[in-house]
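Chains as they are written, first to last, in our numbering: chain A, 1 to 162; chain B, 163 to 361.
Virtual Cβ for every residue (Gly too), placed ideally from N, Cα, C.
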Amino acid sequence: MSENIHQRALQLIAQARVEGMPETDAAWLRAHLETCDSCAAHARQTDRSLRSLRSAAIPLPDGLARRTQFRVRLRAQELREREPQRRALWFACGVSWIFGGVSAPYVWSLFQLLGARAGLPKFVWEIGFGLWWTIPALFVVAVLLMEKVRQGDEPAWMRQDS
Amino acid sequence: MPGPTLFFSTLMADEAKNIARGLQRRDPDLLDRLIEQYQYRLFRYLVYVTGNQERAEDFFQETWIRVLERGHQYDGKSKFEAWLFAIARHLVIDWQRSKKAQSLDALTDPEQGHPLQLVNESEPSPLHQVLSNETEETVHASLQKIPAIYREVLVLRFQEELQIDEMAGVLSIPVSTVKSRLYRGLDALRGALPGGAAS
């Protein structure tokens, strides 16, 4: 029997266990194993090894689940206690944005007036207005960054939508 | 006949959706139940990946803390256990990185020319710490000879019975890489286990 035939048989033996194979290949392999002792022994060895792997038991440490449940409940409580603070922070950010948007025309007029009275060039009080507008936004960005740092890096593998 | 298969896959999808909803709410009773239900499988996986029982216990607890904190990221579209193993695996990788500033794959992938064992060689045969009888000792000692990168895929495929595409998700590698590791792992397993080696 040619060496290639045995190679194919060994490959199919592994393939059958790893990912399955088409019925035509399975039929060919069955026929080959009936006539080839060494390939049949190889198939039996593979099955024995897998049986050993499947039957290998690892004893669970005493109370592992109970201790874990206790830790998880403690952590859940911590997170629940922190939740109102987080909501308050987001609420403050939201209010700040709304207030900034609503008051922008009035503040613009105020900056214009103060700039005219102080005799400042137009671009100076415009920069002042720009800063007044961007500082709350920068504050929000800082809050978001802090929040991200607090939660730790969120690896892509955890995000199922990625 | 597709009837029973369809019934069970619908049942599993419903279960995954229920878990996702419960995790969104951080439902403590659901978490208690999941910890009970998956304790053995997760612990076994961690023991095989870390090769050390104490470390596996630590990672076990950390994994469930992560499940609580990041539960809202599980959408119920895939098997819960695949997501759970991915969390556990990446905790181990993060630990490895902080310890040796290298990734698990870099440490264990023979194709990259690095040492194959994940465990510290100076420690006394760590898997032996969890052995309960002589037969299992033989099996575990033999498994210890298999590079961690292959041991891991063998455990996921033949003990946890994950599908190859699910394994690719857990391991964050292409399906083709999962298959090649499985083939090599199977070879290594046959050589390592008593009765498996060609005489």
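query: Give the single residue among B:Thr212, B:Arg187 and B:Val317 whose Cα lies nearest to the Cα of Gln77 (chain A).; result: B:Arg187
query: For the region 308-350 of chain B, list the beta strand (DSSP E) runs that are entirely contained and at least 3 residues long, ordered along the chain.; result: none
query: Please report the distance separating the alpha-carbon of Gly115 (chain A) from that of Pro105 (chain A).; result: 15 Å
query: From which residue to which residue does the alpha helix (DSSP H) around Gly94 (chain A) run?; result: Leu64 to Ala118
query: With 8 Å as the C-beta to C-beta threshold (strictly closer), list the residues of the region 54-70 of chain A near chain B in chain order.; result: Arg54, Ser55, Ala56, Ala57, Ile58, Pro59, Leu60, Pro61, Leu64, Ala65, Arg67, Thr68 and Gln69
query: At a CB distance below 8 Å, what residues from the region 237-254 of chain B approach chain A? Give them in sequence order.; result: Asp237, Lys239, Ser240, Trp245, Ala248, Ile249 and His252
query: Does Glu23 (chain A) get closer than 8 Å to chain B when you measure Cβ to Cβ?; result: no
query: Between the beta-carbon of Val209 (chain B) and the beta-carbon of Arg251 (chain B), is there less than 8 Å?; result: no
query: Could you work out which residue in B:Glu322, B:Ser342 and B:Ala303 is closest to Ile432 (chain B) when comparing CA atoms only?; result: The structure shown does not extend to residue 432 (chain B), since chain B spans only 163 to 361, so no value can be given for it.
query: Once the 5 residues before and after Arg319 (chain B) are set aside, which same chain residues still bring their CB inside 7 Å of it?; result: Met329 and Leu344
query: Please report how far the alpha carbon of Phe222 (chain B) lies from the alpha carbon of Leu79 (chain A), in whole angstroms.; result: 20 Å
query: Which residues in chain B have a C-beta closer than 8 Å to the C-beta of Arg87 (chain A)? List them in chain order.; result: In chain order: nothing, as chain B lies at least about 15 Å away.
query: Between the region 175-202 of chain B and chain A, which residues of the former have a C-beta closer than 7 Å to a C-beta of the latter?; result: Arg188, Pro190, Leu193, Asp194, Ile197, Glu198, Gln201 and Tyr202
query: Out of A:Ala43, A:Phe129 and A:Ile127, which has the shortest C-alpha to C-alpha gap to Arg17 (chain A)?; result: A:Ala43
query: Applying a beta-carbon distance threshold of less than 9 Å, which residues of chain B neighbour Glu19 (chain A)?; result: Ile326, Lys341 and Leu344
query: Give the DSSP-derived three-state secondary structure of Asp256 (chain B) in the structure shown.; result: helix
query: For a test of the three-state rule: what should DSSP assign to Leu60 (chain A), helix, strand or coil?; result: coil
query: Within 8 Å (strictly less), CB to CB, does Trp90 (chain A) reach chain B?; result: no
query: Within the continuous alpha helix (DSSP H) that includes Tyr236 (chain B), where are the two ends?; result: Careful: Tyr236 (chain B) lies outside any alpha helix (DSSP H) and carries neither H nor E.
query: Go to Glu3 (chain A), then tell me how far its alpha helix (DSSP H) extends in each direction, as first and last residue.; result: Glu3 to Val18
query: Going along chain A, which residues have a C-beta under 7 Å from Arg352 (chain B)?; result: Gln45, Thr46 and Ser49
query: Taking C-alpha atoms, which residue in B:Phe242, B:Ile197, B:Thr172 and B:Arg228 lies nearest to Gln69 (chain A)?; result: B:Ile197
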